[in-house]
Structure formats: C-alpha cells, structure tokens
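Reviewing the structure listed below.
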Amino acid sequence: MKYFILIISQLFISGITSAWAQADPAIKIPYVYTEWESFTTESTNGALVNDHIFFLKADRDSLWVGTENGLMLYHEGNWKSWTEKEGLPWRVVIGIAKDQKTGDLWLALFGEGIARFSGGQFEHFTQMNSGLLNDVVYNLDIEGDNVWIATTAGISRYNQLTGEWETYNERHAPMEEVWVYNVDATPEKVFFAVWGSGILEWDIKDQDWTEYLDPDGEMEIDLYRDDGLIHVITTAASYVDKILWASTYFGLSRYDGRNWRGYHDHDSGLPSVFINFVLGRSGSSSYSCTDKGLGVLADFETDTWVTYHRKTEDAKYWTADIMVGKELIKSVETNLDLPNHFMIAVEFMGTDVWIGTGHGLARGIGKDYYPGLR
Amino acid sequence: MNKCRIDFMARLPLLILIIEISLILGFGIVLKSQTDIPSQTDSIYGKTPQEYEPYHRFTKPYKRFFLTPLEYPGYGRHIPEPARIDSVKIGFIGPIIENVYEADGTPVEIALRVNQEITQWDGYYTSYLAPLGMKMLQGSQLAVEQANQNGGYRGKIPFQLVVRNDNGNWRSSGEEVVKLVYKDSVWAILGTIDGQNSHILIRVALKAEIPVMNTADTDPTFIETNIPWVFRCITDDRQMCYALADFAFKKLGLKRIAALRAKNRYGRMSIDEFRDAATRLGFPFVTELQYEEGDTSFSSQLKLIKDLGVDGIITYGNSRESALVLKQMRQLGMEQWFFGSDRMVTPEFLQIVGKKHGKVAAGYTYYPDSQDPKYLKFQADFTERFGEKPETYAAHAYDGMSMLIDAIEKAGLNRALIRDQLAAMTSYHGVTGLKKFDPIFNNRTPAVVAILKNGKFEFYTQEEIFSGKLRFEN
Chain C
1 MKYFILIISQ LFISGITSAW AQADPAIKIP YVYTEWESFT TESTNGALVN DHIFFLKADR
61 DSLWVGTENG LMLYHEGNWK SWTEKEGLPW RVVIGIAKDQ KTGDLWLALF GEGIARFSGG
121 QFEHFTQMNS GLLNDVVYNL DIEGDNVWIA TTAGISRYNQ LTGEWETYNE RHAPMEEVWV
181 YNVDATPEKV FFAVWGSGIL EWDIKDQDWT EYLDPDGEME IDLYRDDGLI HVITTAASYV
241 DKILWASTYF GLSRYDGRNW RGYHDHDSGL PSVFINFVLG RSGSSSYSCT DKGLGVLADF
301 ETDTWVTYHR KTEDAKYWTA DIMVGKELIK SVETNLDLPN HFMIAVEFMG TDVWIGTGHG
361 LARGIGKDYY PGLR
Chain X
1 MNKCRIDFMA RLPLLILIIE ISLILGFGIV LKSQTDIPSQ TDSIYGKTPQ EYEPYHRFTK
61 PYKRFFLTPL EYPGYGRHIP EPARIDSVKI GFIGPIIENV YEADGTPVEI ALRVNQEITQ
121 WDGYYTSYLA PLGMKMLQGS QLAVEQANQN GGYRGKIPFQ LVVRNDNGNW RSSGEEVVKL
181 VYKDSVWAIL GTIDGQNSHI LIRVALKAEI PVMNTADTDP TFIETNIPWV FRCITDDRQM
241 CYALADFAFK KLGLKRIAAL RAKNRYGRMS IDEFRDAATR LGFPFVTELQ YEEGDTSFSS
301 QLKLIKDLGV DGIITYGNSR ESALVLKQMR QLGMEQWFFG SDRMVTPEFL QIVGKKHGKV
361 AAGYTYYPDS QDPKYLKFQA DFTERFGEKP ETYAAHAYDG MSMLIDAIEK AGLNRALIRD
421 QLAAMTSYHG VTGLKKFDPI FNNRTPAVVA ILKNGKFEFY TQEEIFSGKL RFEN
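For the protein sequence lines, the chains are C and X, in the order given. Here my numbering is used: position 137 in the first sequence is 137, and no number is missing along the way. Here my numbering is used: position 157 in the second sequence is 157, and no number is missing along the way.
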C-alpha cells in the first residue's frame, strides 16, 4: 500500500503541473530559457578572473563583465581580462557604459572613482583630480556627450566635449537623500535610483527634474499596492518603451506615465522583494535580479512570470517556474547549474540573456525566442 | 520507541504526498540558506504602540515590512578561511581627530554663520562628532584588548583593530569602508555615528558583503533598509521618541509643543517619530523651526515660539546647541518643559545650562546608573585604562565590539558566517544591559527617560514613570 501511494505521489508531482497547462489549450505560455552556458573561475580554468559579478554590458556580440577583481571581455568563447596588473586603476568594476559615438568604455570603480578605457589605456578620474563628486561610484551611463555618474554623495555629470563637471545633490536637485545607486540614460530622459529618495527623472529637453517617492512616506509599510513607487530604497531604474521599471529592496514598481503597478513576493512571480537590479526588455517585460533568483515578468497584461531559481540548497540545476500572479502554472527544469542564485546583474544580447551572480555568470540561449505569450 | 518508528515509517508515503500537494498548492518551498537563523518574527514593527502606528485610524497597510528575519542567501558561506594570518582584523570607522590633518594638535578655528553674523566657534574640532567618536574608539579598543588578554582568536591569533577616520565632511566614510574591505581585509566593521555616513557605510557593506555593527547612530531609518549585513546594538530614536511622547502627552498631559531642531539630517530624521506620535495623538507641533548647526543665538526663534503660547519645546541637535537653546529659553522667561535627545545628556550640557535649568527631559538609550556587576566591572576597567569614566558611546561600542568578537569566535573567518552568528543573537547581555533584537537585527530594548533634577540627570523606565509613585509638574 505504501509503495502504491509513493508511486502515485511521484506521478502526481511530475505530472500535475504540466497537466494543468495542457488541460486548458487556451493557456499561453511565455518563452523559457532552458538551455544555458555557465561560467565560473573554476569552469574556465581561471579565464574568468573573479566569480563575484557586479555588472554586464553587451557590446554587439561581445560582453563586458565588471567583477570584484577586474574587467572582463567575452567574445565567441574567449575571455580577455584587465586587472590592476594590466593598468586597471582599481579592482572593483561595479558599472560599465559604452559610448557608442566614441567607442570608449566608461567604468564605475567602486571606491576609486571612474575610468575611461580608450585605445587600450585607462584614464582615471577621482574626486581629487577632477570634478567627480565622490569616489564611491555605483554606476554610470552615457547620454549624448554627457557621462552621468551615480555616486554615494549625489550625481555628477561630465561633458566629454567641454570637460565641464556638474554636480547634483540635495542643493541642486529634489533629493532628500543623496545616495545615488543607479542611472539609466535614454535619448529623452535620464533616470536615477536614489537610495532613500526614490526615483529621479531628468528631462533632457526641459532640463528639469521630476521626483517619484513612496506616497505613504513610511519605511515599514506599503499602504496601497498601486499608489506609487513601492519604497524609497530604490536600487535601479530602467526606462524602455516609455515605461519605467524601478527596483527596490521592497519590491518592483512599473510606471507608464499615468499608472503605477507594484509587485511584492506575495502577489507576483517575484522570488523575493530584495531586488538588486532590474532591466526592462520592453514595456511589458522586465528582468529582476533578486537575492533568490531571477524574476522575469514576461507579459504585463496577463501578469505572467517566469522565475528562475534553485529550489533547494543542494539542487544541481535551476528550475523555471511559470506563474500567473502567484499561481504556479508549470515548472520546467533547465540545465543552468550555477551554485547560487543571488542575482546581481542581467543583460540582453540579441535573443540571449546573460545573468551575473555572486558566484559566476551564465548565458541563456534564446533559440526561437519570442516575446509575450504563445 | 520502536512502535513510534514503525508507525511513522508506515505513514511516510502519505506524509510525502501531503507535503507535495501542499507545495503545489502554493504553500511554498523553504530554502535552507542560512545557519542558526533565529525564527523570531514580530507582529508589530518596532514595538510601536497602536496609537502611534501610521494610518491606523484609516486603514490597514497592504504590506508590512521588517516582521521576519532578514536573510542572506548568497554564496559567501562557501568561501574558505585563509590559510595563514598574523592577526584577525576588525575595522573601526568613526569621527576621530587624530587622523585628520586639519586637527594635528590644536582645535581648528571654524567660522560659522550665526544669524547673519560671523563669529568664532570654539567648541569642536574638525568633526563636531569627534569627542563622541573618540569614546567609541576607546570602548572598542578596550574590548579588543581584553579579548587579546584572554588569548585572542581561539586562543591563538590576536585581534587587531584597524582604525579609519570618518571626518564627517565629503561623505568620505564610503571610501574608508572600501579600504577596510579591500585593502585592510577586515572581517567585520564597527561604525559610525552620524546618519549620513552610517547610511553610506552600510550601502558599501551590502555590495562588499561584510557585517557592520553600529553602536552610535540612533536614526530609525538606518536599519530600515532590508540590508542583511547590518546590526545595531543601541536603542534608537524610535524607542526614545515613543518614551518621550508617552511622557509628554500621556504623563504630563501637554498638548501644545513646538519643535526647534538642528537643520541637518540628525535633526530632521531623529525627531520624526516624536512628530508622528504627536500628530497621531491629536497634538501636532504648533510649529517646527530650525537652526544651523553651530548657531549660538536662538532668540529669534524662541521669541516666535513664546508668542504661540506653547506648553513645551522639543529640540533635536547636538549637546551644545541644545544647552544654549534651553539657557536662552529660560532667559526669556519661558518656563515650559524642555525635551531633547540623548545627545544632550552630557557633562557639556550640564555645564552650560547651570542650575537654573527648570523642567528638562530627554530620551536615553540605557540605564547608566545600573548596578549590574558586568557594567560595574566595565566602568572600573575603562576608568583604569583611560583615566576617565565611560559614557554611552564608549559603553555601546564596547558591547558592539564584544558581539563582533563573539561572533567571529563562533563562526570562524568567514564574513557570511560571522553575519549568521550575529543574526542568531536574538538577545545579548552587555554592559549596557540585556539587549533584545528584532527580526532586522535592531536593539529593541525600551528607552529610558532622563529627567534633570538639581543639575543632575536621573533615569527612569517607562514602568517607573507610569507607576504612580512619581509626580512631575506639568
């Protein structure tokens, strides 16, 4: 009898989720990355110089990788690295931006300012030799001729043509706190995630600021789900298709210019509200790097998610859970074998997706990728 | 015993089936990602009395935060211990004067604006918090020295305090923490005092994944950031404001209170819970005025407040300014209650205000007249070592550093495991008393109220104040 129940239970767990999806032909599912390539220092025999991945930046068919101990470039299976031995001014590369006009690479160096990587040479900017506001830099991005820099003491803007530096802190911008964490520059607007001061928007045409705060004004609650930004402890902003995605350590927010939508871990497919970084893929889809895996909102309209995570500490492979809201529709095994799902960075390269974790990075192969649902 | 086991085995398949169904139905899967994490949860954040809860009269919030223990599910626990080290380094960052080149020997003359006049400021050195930072350093030093007298790390390797300055300007604490983490290779960090630099510090710690113990920043929002690497062993301004609000409104029955506070982050953030409590009780501030840090004349603000007919004034600022506000208030014939923060419970405050202080009360972080043998021994040891008595910054730093040392002893040389050990300390009996920590690793020991009597602060618990045995003039 007990063996009968055991068999039934195993059949039950393996079959019921897919049965649910198959039972209703009207249910459409999002694309799921099942095929992955993983990279760690160990698996690359040291070619990847450090496993603690802070930032990923696609550059056509190459990938720049910022790590806790150097800058990496991946191209068609080959790695190239720059550490302090190769002239990198500081070991911790926490942000990367590519100037498409000049081809220069700009690096945010955690605790040592920024650097311009041009013609194989590093040019180092610090608060002692330039107008940079503070050497603790979290990220940077390019808008026109400007380099916008998120520092722990406010925002710096460097004009590459004129060489002028501008400073924006509590005296020059509507920020109660000045601890800037992330910047996303687009041709129309530049967005900043300001830890403790929500999201700041710089309108390039109007040369003016707009601030977005948590309307309830309290740290310990979210009063209403969709009343505005979930929390002022923001970590990243991503603006795509005129939609703002804002990550916090308390959940995810989406803003279409009129309406807000909030996502917590109890009401969505987010594996956790602790979101280190978010990257919008479209106005309908975003990828949230949480401390417990990757939360992909695949289709905003239907609230359909794909959550990539390790189900247990000793699981060999990650599982992709397809969810509508908080309801699990189907679990799909992947071949992703990174040992930890503390997500820090994500980047798109064509139809592929790259993820960076506290121990290694991986590339999801987007063969036959499709947006939305099918 | 055997029968129990047989019964259990027989029912095992059924149990598995039930568990699996539960998982599929959305009860969730518990990831074992941390070691020895306490399972304590809170139903109310911050021991907030219901009448002080935000929006409690109108609705229940969609989501409450900070009620379950913070987790760190990252990779750090797998990092192996170093093979050979000469010392176990612990970082210290605080506003101290020795490392600041402007202050190598003599007080710096700093001109400050005082109501449109430029006058000479004679009170502080480069960082106005340096006198507090030095006490914090002394408390930390004593804890490390005593640990080394007992044999050091696991009886083999000495602990080493790596000291870096937080000069308060330039928001430089972030760079100093980067150096502590990546150049000095410390295992944990203690610091700092002011809210601005403390916040900067913990944001670096979060990225670098290193435990931080705070022993001096009482800003309630310091801990309200969901960072699983941050611990605080000092009672914060949330608790002190609740204690003061209870005293002012419930015990004394006051209704019209004005605020006159420092125009800085400390003044803005730390008074917040008192302001909210007053509003939620139906007694919003009559007015809230500010002064610049370093001001010496407050007569214009006080005259305005006097005309408003208040029955109490609250200030949040440094000891010196708080004392001058009180002194000038009394000189204007304003005999109302004067409330303030723990920063005015100092010899400097008492010296400036003299004996004509009138009715004065402040929130305070611990009971400094304790007869706990542990506290008495610490007082004796500290006095012998430094030739002066310890105060709150020294005592809390001693406790915080002792907690770090205890955690390192238990965890070994791994930052994530040290974090786990600190997270597992749901209570700690230190020299400043028995501390109880909430799910976000904040000391939730109730504040006490310091009341000035005959030129000396006396300390009362909430229970004592509301016992009916004490009478206060309102």
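All C-beta atoms in this analysis are idealised placements derived from N, C-alpha and C, irrespective of residue type, glycine included.
- Against X/T225, the close residues of chain C are W195, G196, M219, I233 and Y249, in the order they occur along the chain (beta-carbon pairs closer than 9 Å).
- Contact holds between the segment 210-225 of chain C and the segment 54-72 of chain X, because three or more Cβ pairs, one in each stretch, are under 8 Å apart.
- When 7 Å is used as the limit between beta carbons, X/V178 is near these residues of chain C: F110, G111 and V136, in chain order.
- C/G356 and X/T426 have their C-alpha atoms roughly 33 Å apart.
- The continuous alpha helix (DSSP H) containing X/E384 extends over residues P373 to F386.
- Take the alpha-carbon of X/S467 and the one of X/K453: they are about 19 Å apart.
- Look at the segment 437-471 of chain X: it has no residue with a C-beta under 9 Å from a C-beta of chain C.
- The beta carbon of X/E53 sits closer than 6 Å to none of the beta carbons in its chain outside the five residues before and after it.
- In this structure, DSSP gives X/C233 a state outside helix and strand, which the three-state scheme calls coil.
- Interface flag for X/E321 against chain C is unset, since no Cβ pair is found closer than 8 Å.
- Beta-bridge partners of C/G198 (DSSP): C/V194.
- Here X/I352 carries a helix assignment [DSSP, helix/strand/coil].
- If you draw a 10 Å sphere on the C-beta of C/M128, you find fewer than 16 other C-beta atoms in it, and that means exposed.
- Around the C-beta of C/R116, 16 or more other C-beta atoms lie within 10 Å, and the residue is accordingly described as buried.
- Residue environment analysis places C/S156 among the buried positions, since at least 16 neighbouring C-beta atoms fall within 10 angstroms of its C-beta.
- In the displayed model, X/H357 falls within coil according to three-state DSSP, outside both helix and strand.
- For C/L71, the enclosing beta strand (DSSP E) starts and ends at G70 to H75.
- The C-alpha of C/Q207 lies about 11 Å from the C-alpha of C/A173.
- Taking 7 Å as the upper bound on Cβ-Cβ separation, chain X lies near residues F274 of the segment 265-288 of chain C.
- Selection X/M401, X/N474 and X/K469 evaluated against X/E145 yields X/M401 as nearest (Cα-Cα).
- Contact between the segment 82-95 of chain X and the segment 261-274 of chain X is absent: fewer than three C-beta pairs spanning the two stretches fall below 8 Å.
- At a C-beta separation below 8 Å, X/K251 has no neighbours in chain C, since its nearest C-beta there lies roughly 26 Å away.
- Assigned with DSSP and collapsed to three states, X/M344 falls in helix.
- Classified as buried, X/Q138 has 16 or more neighbouring CB atoms from the shown chains inside 10 Å of its CB.
- X/Q331 and X/H357 have their C-alpha atoms some 10 Å from each other.
- With its beta carbon less than 8 Å from one in chain C, X/H199 belongs to the interface.
- Listed by position along chain C, the residues whose Cβ is nearer than 9 Å to that of X/K63 are I221, D222, L223, R225, I230, F250, G251, G262, H264, H266, D267 and V273.
- According to the DSSP assignment, X/A262 belongs to no alpha helix (DSSP H) but to the beta strand (DSSP E) extending over I257 to A262.
- Each of C/R225, C/G120, C/E123 and C/E170 was checked against the Cα of X/P61, and the nearest Cα belongs to C/R225.
- Scanning its chain for C-beta atoms nearer than 7 Å, with the 5 sequence neighbours on each side dropped, one finds around C/D141 the residues A97, W148, V183, D184 and A185, in chain order.
- With fewer than 16 other beta carbons inside 10 angstroms of its own, X/H78 counts as exposed.
- The Cβ atoms of C/G325 and C/T307 lie no closer than 8 Å to each other.
- C/P30 has C/L373 as its beta-bridge partners, per DSSP.
- In the DSSP assignment, X/Q301 falls within the unbroken alpha helix (DSSP H) covering S299 to D307.
- Scanning the segment 229-316 of chain C from its first residue to its last, the whole beta strand (DSSP E) runs of 3-plus residues come out as 234-240, 243-248, 251-255, 260-263, 275-280, 286-290, 293-299 and 304-309.
- Interface flag for C/T152 against chain X is set, since a Cβ pair is found closer than 8 Å.
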